[in-house]
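A.B. asks: Before I ask anything, here is the structure I am working with.
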Amino acid sequence: MKQMAYDIPGIKPVSLAVGAELSLLDFYPAEYKNLQSTSKNEYKGIIQRSDRNCFHIRLGESFNLPLYQFLFNEQWFIGAKLPSFLAVGADRVDPHYLIELEYFGFPSDRKCLLEDVRMIFPGDEVSVTAEALIWLDDTLPEQPGLTSSLVKPLSEGETLFNLLPKVATSLFSPFDHVFFAQVFEKVETCQESVCEILRESLPKNFGFDRHRADIFNAAHKSRKVEGIDLKGYIRKIGDQLESSWEASDKVLNRNAYLAERFYHPYVLFQLSILAAEAGKEIRVIDAENGREEETADPVFTMDDNPIVNIYESFQRVFFYGNQWIARIWFFIPPMISAKIIKRQQKYSEGEQHVCIYAVTLDYLLRFYPLKVGNVTGD
């Protein structure tokens, strides 16, 4: 098949002879390369070409840079920044990713926000049959609306509220926990090249939870979204996770297995994005023996000023936000959103919730040329 030509800055065909290999670091920006200066194999990322149409990528267990892949028109696109894939046809939001994020807190099968694009995790080996390998640098101009503060912050909560659009842009994904904004802030202010995060600080609500499900069920317009039966799909993913755990001989309990096999790799991938963009590395460490886990008051409260109030922002989405999320994917007029907020408060005490998720997804849908399903409701 004849290769497609792209007259877009940032799209770089990779020249690789049969039998040859290249280091992935050759393609990353300079600030990323500094993070992988060690020559140890567990930190390496290698591209190989075994024959004319067969490419391989192998990442070491400690490779700590973000990487995505997308196969389209017999061309294998890889890159470090998810928004870059919009330029080559990967511009449709994956509804399955959203459902899994909402009901489980993590996706299966390396899914991400863009349909058919997949994350590549440390330790992964991927082989693809394609006619060409293409690296994607930045292919989109910076979005100025997402780099300025929403309001001059007067408190920690207001500072983190201001960061929500920036974090959503960096991750190129909605998220439902203030933790990611807190890490973003820590990375930005960290004076060292390595920022340490306590394992105990990672969000703990993951896997299917009835209370969490009730919140998102209340937000969804119907039990069928974009042609997907919610109950049936959630059961399917739940069964897959259960089968995976049973196949592991249940050495770990269910929650520990889900954390180790699915949740933590996804969260660590997200953290690698936030760190790499700042030219830094995040290491998750265990607390010292005898050190008690710190407890803190909720960052966001119902009493926050309206302009920086995550609950009021959630309610404003119905009137001023993206129509698809407010009236098609979800249906959240004031009476319904008020009930959702009340239910959410009982579930997570202001830390992890549908409000942050809806607001960050709304940012992305309004600022980027993303395609979604039925935007008219017909």
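Each residue of the sequence shown is one higher than the one before, counting from 0 in numbering that gives the first Met the number 0.
Beta carbons are placed, not taken as given, at the ideal position from N, Cα and C, and that holds for glycine.
1) Is it true that the CB of K80 sits closer than 7 angstroms to the CB of Y96?
2) According to DSSP, simplified to helix, strand and coil, what is S49?
3) Give the range of the alpha helix (DSSP H) segment to which Q94 is assigned.
4) Within 10 Å of its beta-carbon, does V193 have 16 or more other beta-carbons around it, so buried, or fewer, so exposed?
5) I want to know whether the region 222-236 touches the region 194-202 - three or more CB-CB distances under 8 angstroms.
6) Could you say if the region 113-124 and the region 241-254 meet the contact criterion of at least three C-beta pairs nearer than 8 angstroms?
7) Determine the direct distance from the alpha carbon of F69 to that of F89, and round the result to whole angstroms.
8) Excluding sequence positions up to five away, which residues of its chain have a Cβ less than 6 angstroms from the Cβ of V283?
9) Let me know the secondary structure DSSP gives Q74 once reduced to three states.
10) Report the option in G320, W323, F313 whose CA atom is closest to the CA atom of M334.
11) Alpha carbon to alpha carbon, what distance is there between D361 and Y387?
12) If contacts are defined as beta-carbon pairs under 8 angstroms, then A218 and F329 qualify, I think. What distance do you get, rounded to the angstrom?
13) Mapping DSSP to helix, strand and coil, what is L112?
14) For G44 versus F26, is the C-beta distance shorter than 7 angstroms?
15) Could you tell me which residues DSSP pairs with W134 in its beta bridges?
16) Report the rounded CA-to-CA distance for P143 versus F160, giving the unit in angstroms.
C.D. replies: Considering the structure as presented:
1) Contact flag unset, no.
2) For S49, the three-state secondary structure derived from DSSP is strand.
3) Note on residue identity: the sequence assigns Pro, not Gln, to residue 94. 94-103 is the extent of the alpha helix (DSSP H) around P94.
4) Exposed.
5) Result no; under three Cβ-Cβ pairs closer than 8 angstroms.
6) Pairwise C-beta distances place the region 113-124 out of contact with the region 241-254, as fewer than three of them are shorter than 8 angstroms.
7) The question names Phe, but residue 89 in the sequence shown is Ala. Rounded to whole angstroms, the separation of the alpha carbons of F69 and A89 is 8 angstroms.
8) Around V283: I196, R198.
9) In the three-state scheme derived from DSSP, where H, G and I count as helix and E and B as strand, Q74 is classed as strand.
10) Ranked by Cα distance from M334, the options G320, W323, F313 are led by F313.
11) Shown here, the chain extends from 0 to 377; a query on residue 387 therefore has no answer.
12) Going by Cβ atoms, the distance from A218 to F329 rounds to 5 angstroms, so yes, they are a contact pair.
13) The answer is coil: DSSP assigns L112 none of H, G, I, E or B.
14) Annotated as distal: G44 and F26, with beta-carbon spacing of 7 angstroms or more.
15) The partner list for W134 (beta bridge, DSSP) reads K11, I77.
16) Low confidence applies to P143: its pLDDT is 49, below 50, so where it sits in the model is not reliable enough to give any reading.
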